[in-house]
Structures are given as C-alpha cells and as structure tokens.
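Here is the structure we will look at, set down as structure tokens.
What follows is the structure in structure tokens.
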C-alpha cells in the first residue's frame, strides 16, 4: 500500500486537517435518516413478547386472543421458528460436538429475563403492544444461575442440556515460564479477586429494523442500524436456510453503536421470518427497556487467585490467574472474547511470563456482546490494577514503576509474549505529558494539604492500548476448524457520467465521520477539494462494496477503510491519467490532476476536465482504442488486506492485531469520607494513534471513549438480583453519565506513526476503557495502603465508603506480599 | 404507546410557526404524534422514561420532553422543534454552525434535543459559563462526545472564539477552585 502521492502540484494537503464534517449539516437540520425515520409501504409494527423470568420452561404459548384483536396481522411463536429454521451457527463447539442450541426466538426454555418468546405484527404500534399483552405464555420457573464463577461449578444448574455444562469455552494460555518467575522473583503479590463489572455504552438510538421478505423475488431487504451486517448475514443465513445473496442490508445514519449494535442479527432474522409469514414489511423499534434487558451487555469478568512475581525494584515478571468471563445466556459473537483479550496480554508492559486459566461461562443474563473496548479493556483494567497494587504494596512510586515496566520507545516494533507486535509509541513521554497536564506536583501537594479535612485527594494513572485491525485468524485459537483469518475492507472509487468523483465504502459508521475522512485522503490523491467528492452515505449491500469483514467495529477504519479508499482512488487516478495521456498524445508521466482537470505538467492551458474523461469512457468510446475502451471502467474497486499470517493455535501465538494506539490518562479525584462520593477534579488524556487523518475527529473519539469510561467507573452498572431480574432496565435506574458527571477532558497527543499501515495511521476510537483503570487507581490512591483494595471496576459511593471504613484483619484486605527467601 | 383504538380529540396548535389542525388519539404521546402523524424527524426517541432528552422540544417557550406529554396536550400550544432553527434559506443558524465548527455531534441522534436545550439556555443567559451550560444540558444524554465538544459548541455560539478560550480558562479555574 502506498501513501498519498506527495508530488501533487496542489499546495493543499487535506489529510491531517481538522475539517468540519460532511455529515453534520444533515444531522444538525434533522435531515439524517435513522431507521425510525424510514418506512415501507404496507408495513406492520412488530412487538416481542418477552419472558419475565430469567429461567423458565415455556409450557405453552397461546396467541389466539392476540390474533382475534382487530388490527393484528400475524403472530409467530418459538415452535414455529424451530420448525422452519436450524439452530444458529456456533463458533466453538466442544470436541465432542456438543454446543449451545439457540434459535432466533426462545424455544422450550427462556434463559434470561427479556428473551423473546413470541412476536405479534399489527397495523399500528399501539395495537401491537395491546396484542402482545394478550399472548398467554405458561411458564414453569427453573433454578437461576447469575454468578459467572459459580456457573462453572460441577453442581451448577445447567442452562443448555445440549452443552452438558455451563462452560462456553475453556483454555489455558501459557507463555514464558511462570513457574520460573514465581520461584525467582523477590516478591510475589497475591491478589484474591478482581472483578470487572457488566455495563453497556447504551446507544441513545435503540436497535431498529424494517424488513421485507419479498414473496416474488425472495429477496430480504433489511433497513437496520446493525453495525456489522456481513457478520449477521453469515450467522443467520444458514439458520434461516437462505443465501446471503438474498439479503439486502441497508443503513444510513446510526444513532451510536459502540459494538452493542452488532447484536441485533437475531432480531433481524426472526423479524424476517415474521415478514415472510405475514406477506408484509415489518417495522420494529426496540424500546429502552427491551434494549437494557436483551439488546446486549458488555462482558463481566472475574479474576481469581492472582499471583504476580515482582523484583524488589518493581520490575514485574508476569502474572498467573484464573479468569471467568460471563457470557450471559447465549453466545452472541462470543466466545470470541475469550481470545480477543490476548491482543494485549502484557498491556503496555514488558513482562514475559503469563499463565491464564480462562473459562467462559453461561448464566441466566442478557447475552454479552462487544462493547467499546471489547474484551481487551477488562484485561487492561486487570493489568493496571496489578501494576498499581505492586507499587502500593511495595511502597514504590506508581509513576516510576510504570516507567520501569513500560515497553520503551526503542523497543518497537515489540513482540509480546504471545507473538503480537506492538508497532510504535512513546509511553514514558506520554506519561510525563499527562502528569504535567494535571499538575502532578501540585496535586500531590493538594493531597498532603487535605489530609484530615474529611476530603481525600486521589491521583490515578491509567495506561491503556487500543488494539485495532484484528487478525480474525485468532478465532482459530478457540476452534482450529474455523475458516476465518485476516481482515480487510473494500472501497469503490468512480467517476460518474458527468465526471463527478464518488466513493462507495464498505463501512456503515455511527458517527465516526467516515464520509469526511475518506474524502480528505481521496482529495489529496486526486488534487481536488474534499467538498467536490461525494461519499455515498450509509451502506446498501445492493450497490455498496463489501467483503465479509465490512462494517464499523474494532478500531480499524483509519487502517482498513482508509487504505481501501487510497487503493481505489489510486486506481481511479491511474485510469484518468491513462485516458488523458491518450487524448493529449503524451506519456502518462506527463499528466497531472489539478482541481478536477487532467492536464499536461507545466502547461495549465492543456487541460481536460473530468467530465471530458468521463465522456470519452462512458458515452464517446469510439474515440478510444477498443482495448482501452473495454478495459478502463473509471469504476475502481480496491480491497485492502492487512499483512497477517495464521497464528499457531497450539501455542496460542501470533500477531493478532495490526496496530496499537496508546492512551495515557491521569485523574485527580476528591473522595468524601462521609459519603464515599468521588468527584473528578481534573482529567487529562494523551492519545497516540499515529498519523491523524482528521485530528478533530480523533479528539472527538478520545472524548467519547473517556466519557463512557468515566460513566462506567462511577455511575453505570447492570446488576441482577438473585432471581435474575435486571435492576437497571431503563435510564431511571441505569445512570448513564450526564454532562454533570463528565468533567472537562483535557487532551493532548503524540503521533508515533505505525510502520505497518502505509499511512502511519492506527485504528483508534475504542479507547481501551482507560478511565476505569485511572479512576480505580485514583480511588486506591485516596484510600491509601493498609485498607481494603479497589477490587471492582465500578465504584459507587457505598462501595468507596466501605473501603474507607474497612477495619478487618490484614489478611482479608484482598492482597498480600510474600517474599522469596531473603531476596526481598 | 402510539395510535390504536380508543377515543380521539381534535387539536389545534402552532408548530414551528405554522398552524396545525388534526385529530389525535387520546392515548398517543406527543413525540409519536410529531414523528408519525406530522412526519417530523427532529425529535427522536431514545427511552421510555423522559431521561434521555432526545425528544426535547419547546412548548410555549419552555423545553419539555415530548415523550412525557400526550399529543392532546398540544392543543392551543406553541411548539417549536429543531426544524425551526435553520431559517427559510435552510442555512444553519449560529448555534448549529457552532456545533459543526466544534464537532459538537458525532452520531447526531441526541443532537436535536441538545440543540433545543441549548437554545432555551441562550435565550435566557446570553453568556453562560461552562458549568451553566452543563447544568442546562444535563437532561440530554449523549454517548458519543463525552459532552466536551457540546459544551464547547454552545460556548462558541455564546461567546465566539474568544469565549472558547475563556471557557477553557474557566474550566481550569473551576478545577482549581474545587481543589482549593
């Protein structure tokens, strides 16, 4: 892949500028097109009937009263779905072939509160709601499993008989020599338990689908806000017995995704079945309560029996632990999370000896799905918690311990213990910068001054990684039989009939500004203004370009999407130049593109506007040599493929991600001793995502990831009671962070170009959950040594108060240090 | 929920300066009436409980959440939605332009409601501080921006570029003040 040509005669370089976005005018004027803004002729409105129980046998479903209600068009039950479909494809069946059997609608057993068990379709939303209330479902409650660790016990009640136990996936990750490290370390830090909580980025627009299964053509047109429709097609197509060629996925504007909106494929599938049965288009807009109960949650992970070998100076040698990831009731995208964390095994540090006994379990909770920072942030929070506790318990400076253990600027490209290659960065510099931004010395003085005042100051640091551009080959570590590897994205660049430049992307963004950044890089190649380049908004499978990986997820557009744009536009440029050179009767290297003209270098008078090039190819092709007229299409598709190889599945070793952005956060918090309330006094971020294509867009992503992480650290949690009832089913009880909860976020940046991406850009946007690490560290710092440790990623006032007021025996603090012989 | 069987009522009100005369289902929420019956795209639905603010509109000069009102309550009222901001020419108004300049939106779903809350603030407080802006939009949830550039955009509309520097200084001083 080549970078944008630098020999352009145009003096403007659009790449790297903070251009206002192309998307904004329509969105500001409410002229965007979100799913609920759209409709289809003769559409009916669908409503799910959902299980009120977390776990229950479905004894009977009686739709007769609902069907008798005037205005009801059709109903659909789990039994009907079972009869017409196959169970959904599972990524990693056990060796004996046993696996979770999930249908597109609950069949025989409901396994979480909010699981759909029937559907009704009616002429209006109101009638659909009334009719859903008339569906009579007889349940027999079953024992409920809500603890992701207890679910793995041999005597735990089994959710899926077809699986035999509640273990979705289990494996040992073992790199380096942890036994050697534990024997030779000066100290071993032992931590009983760390817990990363369940929450979601809860996009403000809930899931939404309009689907029509056309009885004449057998085509299934899906207007939705699913953010990874190709994945959805691959999973639901075989279940429904339809080809992916029958699906036309369409989306324009999407009201936030954050990974959560990968999950709507099961809804899309069952709503399509309802459309086929009814012979009518079906519109479904998920309610907020449905979204919280069944739309998808981020992964909850528990780390147990943690042992950390450390040298006296704070050099960490590695760690050993058991991890339990709670996937909820079904495996949606999971168990991919069971390997995706291993993109960032040592976090930003250089330790080499790691052993993780990893178990993913099934519980009677909403399915876990990718949520901004997916699977890596849980692990990175763990790593940051560990390094901070190393510093505290060994009475070392947390800044110095980090700097001592960081991958150093001269180490890049740096190969991690499991073969991942960190591409570039400068973590010590980023840490110095962020500490200056919060006035670290001043904050330490403030902390000392406040002692005894009832308000404690805490200073926290969080270093994190945003690994982008997955190598899907890592899925083979879960199941060597899986036919997935590599990654990529497509773009088509074309001239239209009058010479207008157009780009068609394979992505379907949710606010990341792809129309803007794609036009910036294309403008530099074609020597014209981004304003004159039309990027088709949204995605439509029938005319967009795509590959199996197309979508907007996992911090990769700046690499995969942009490189696809560059490749396609370079091909288009070459064709324009070839046609122009023929017309000018000069060599191709004598032609340049400037402001929408092809012209002879050094002779601005000799110019053919793009409309003239388009005319020759599209409507005047007898003027061209026949061979050229047949070959040159001015419609140039490029698929960018990152350089990946298959990982070694036995050793669980290989390069799993192409780029690693770094984010270094620091916070100063004030903790009220009386109430446990945490207030953020100062917050700063230094971001390094390599070459920035549009710095304003990048900063916006940094702000967004930080805002969500602050919300998760202090306000946002999904909690279930012992009956598996979700306690946070709407925004009254799920405290999504408001403008009063998120402070002003100071940002600065370093640009360490990636050597692997052609442009130097790296994927970014997920942000690695850094505020969770940072605020946990700040609260720990405020509480100080000798008390209970911060062992949970979510710290509401009550939990903080309990830590402040902890007065149990030292061995119950949750952490101990054992010294090896006299090595201490 | 929205329309369905049951009683109806004739209502007349002013929407974005123009008279509306319709029959509304008594059980229909104002947000559904504006969207489904009158075809507006501005007010959005993000929750069922009045917390997200995406449906915020102006009702007799005050901002309300249109999911918390019935359509029949519009009778006799003056209602303005985000569609009223851009003039007849379709040009962005000063507030919208500041959101564009300052990247005050990403997915754009909460934006209609945020703009209406911001307009309400600026009509009553021409030179708000950053804290006053945060207070004014705390009923509008945004999951994309961390609110940073929303605050900046509203400040920019109120204070111009000079004001942005001021807001940044105020933020720094606020941080110190809280610490002091």
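Residue numbers (our numbering), protein chains in the order written: chain A, 357 to 1180; chain B, 549 to 728. Glycine included, each C-beta is placed from N, C-alpha and C at the ideal position.
Practice task
Note down, in chain order, every chain A residue with its Cβ under 7 Å from the Cβ of residue 695/B.
Solution key: 1063, 1095, 1098
Exercise for the section: Check whether the Cβ of residue 823/A lies closer than 9 Å to any Cβ atom in chain B. Expected result: Judged by the 9 Å Cβ criterion, residue 823/A is not in contact with chain B.
Problem - For residue 604/A, the three-state DSSP class (helix, strand or coil) - result: strand
Problem - Neighbour list for residue 1052/A in chain B, Cβ cutoff strictly below 7 Å - result: 651
Practice task
Taking residue 1153/A as the query, report the chain B residues whose CB atoms sit under 8 Å from its CB, ordered along the chain.
Solution key: Chain B residues near residue 1153/A: none, gap ~17 Å exceeds 8 Å.
Handout entry: Status (buried if at least 16 other CB within 10 Å, exposed otherwise) for residue 608/B
Key = exposed
Handout entry: Complete runs of the alpha helix (DSSP H) confined to the segment 992–1045 of chain A [at least 4 residues]
Key = none
Exercise for the section: Can you give me, in chain order, the residues of the segment 390–416 of chain A that have a beta carbon less than 8 Å from any beta carbon in chain B? Expected result: 390, 392, 393
Exercise for the section: On a CA-only basis, which of 439/A, 432/A, 646/A is nearest residue 471/A? Give me that one, please. Expected result: Distances from the alpha-carbon of residue 471/A to those of 439/A, 432/A, 646/A put 646/A closest.
Practice task
Out of 563/A, 1041/A, 487/A, 1057/A, point me to the one whose CA is closest to residue 649/A's CA.
Solution key: 563/A
Practice task
Return yes when the Cβ of residue 399/A is within less than 9 Å of the Cβ of residue 639/A, no when it is not.
Solution key: yes
Exercise for the section: Report the neighbours of residue 685/B on chain A: residues whose CB is nearer than 7 Å to its CB, in chain order. Expected result: 1095
Practice task
Would you kindly report the start and end of the unbroken beta strand (DSSP E) that includes residue 861/A?
Solution key: 857–861
Problem - Proximity of residue 1191/A and residue 738/A at Cβ, strictly below 9 Å - result: The question about residue 1191/A has no answer, for chain A in this structure spans 357 to 1180.
Practice task
Select from the segment 609–633 of chain B all residues with a C-beta closer than 9 Å to any C-beta belonging to chain A, and list them in chain order.
Solution key: 629, 630, 631, 633
Practice task
Evaluate residue 1083/A with the Cβ neighbour count: other Cβ atoms within 10 Å of its Cβ, from every protein chain shown; 16 or more gives buried, anything less gives exposed.
Solution key: exposed
Practice task
Express the C-alpha separation of residue 829/A and residue 1216/A in angstroms, rounding to a whole number.
Solution key: No information on residue 1216/A is available, as it lies outside the stretch 357 to 1180 that chain A covers here.
Practice task
Note down the Cα distance separating residue 694/A from residue 452/A, rounded to an integer number of angstroms.
Solution key: The straight-line gap separating the alpha-carbon atoms of residue 694/A and residue 452/A is approximately 20 Å.
Exercise for the section: Taking residue 867/A as the query, report the chain B residues whose CB atoms sit under 7 Å from its CB, ordered along the chain. Expected result: 654, 655, 656, 692
Practice task
Say whether the segment 939–956 of chain A touches the segment 877–892 of chain A, bearing in mind that this needs 3 or more beta-carbon pairs closer than 8 Å, one atom from each stretch.
Solution key: yes
Exercise for the section: Kindly indicate which three-state DSSP category residue 546/A falls into: helix, strand or coil? Expected result: strand
Handout entry: Limits of the unbroken beta strand (DSSP E) element including residue 948/A
Key = 947–950
Handout entry: Straight-line gap, residue 554/B to residue 574/B (C-alpha atoms, nearest Å)
Key = 7 Å
Handout entry: Reference residue 697/B, options 1126/A, 1095/A, 582/A, 776/A, closest by Cα
Key = 1095/A
Handout entry: Beta-carbon proximity list for residue 672/A, same chain, < 7 Å, skipping 5 on both sides
Key = 664, 666, 705, 707, 743, 746, 761
Handout entry: residue 573/B - partner residues in DSSP beta bridges
Key = 556/B
Practice task
Evaluate residue 1002/A with the Cβ neighbour count: other Cβ atoms within 10 Å of its Cβ, from every protein chain shown; 16 or more gives buried, anything less gives exposed.
Solution key: Exposed: under 16 other Cβ atoms inside 10 Å.
Problem - Cβ-based burial, residue 1006/A [other Cβ within 10 Å; buried from 16] - result: exposed
Exercise for the section: Would you kindly work out how many angstroms separate the C-alpha atoms of residue 642/A and residue 423/A, rounded to a whole number? Expected result: Their Cα atoms are separated by approximately 22 Å.
Exercise for the section: Please list the residues of the segment 547–577 of chain A that have a C-beta atom closer than 7 Å to any C-beta atom in chain B, keeping them in chain order. Expected result: Going along the segment 547–577 of chain A in chain order, one finds 557, 558, 559, 560, 561 with a Cβ nearer than 7 Å to chain B.
Exercise for the section: Express the C-alpha separation of residue 1156/A and residue 625/B in angstroms, rounding to a whole number. Expected result: 48 Å
Practice task
State the DSSP-derived secondary structure class of residue 819/A, mapped to helix, strand or coil.
Solution key: strand
Exercise for the section: Taking 9 Å as the cut-off, decide whether the C-beta atoms of residue 610/B and residue 668/B are in contact. Expected result: yes
Problem - Secondary structure of residue 700/B, DSSP reduced to three states - result: helix
Problem - Secondary structure, beta strand (DSSP E): runs of 3+ residues fully inside the segment 831–915 of chain A - result: 845–851, 857–861, 889–891
Exercise for the section: Taking only the alpha-carbon atoms, compute the straight-line gap between residue 810/A and residue 1056/A and give it to the nearest angstrom. Expected result: Straight-line Cα distance between these residues: approximately 36 Å.
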